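Working notes, beginning with the structure itself.
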Amino acid sequence: MSAASSQKVVLKSTTKVSLNERFTNMLKNKQPTAVSIRATMQQQHLASARNRRLAQQMENRPSVQAALNHKQVRPRVRQTEICLHYLT
Numbered sequence: 002m003s004a005a006s007s008q009k010v011v012l013k014s015t016t017k018v019s020l021n022e023r024f025t026n027m028l029k030n031k032q033p034t035a036v037s038i039r040a041t042m043q044q045q046h047l048a049s050a051r052n053r054r055l056a057q058q059m060e061n062r063p064s065v066q067a068a069l070n071h072k073q074v075r076p077r078v079r080q081t082e083i084c085l086h087y088l089t
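Quick note: to get the numbering used here, add 1 to the position in the sequence shown (first position is 1).
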């Protein structure tokens with residue numbers, strides 16, 4: 002009995018890839034589940050709705066409207082000043 006217990010059991014490796022590498026590759030190649038895809042789509046939809054609301058609020062602010070109107074009027078005024086300068 003003592004002779005049998007003192008023998009070493011040697012198992013030959015059938016692969017050259019370590020266990021750590023196998024699990025790392027499995028995690029890298031993991032396909033997203035339907036639940037995670039659905040959750041991501043819901044988050045994107047919610048973010049889009051929030052962005053649309055924010056854009057609408059910004060558009061309705063008097064300071065933003067004044068800035069937008071000011072930009073539209075200013076080039077016309079500048080062109081008129083240039084024309085008047087050449088006429089005089």
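Yeah, the Cβ is synthetic: ideal placement off N, Cα and C, and Gly gets one too.
The model shown is predicted, which means the values in this text are computed figures rather than measured ones.
Asked	Found
Alpha carbon of Ala56 to alpha carbon of Leu28, nearest angstrom	39 Å
Leu20 to Ser14 span [Cα, whole Å]	12 Å
Ser7, DSSP secondary structure in three states	coil
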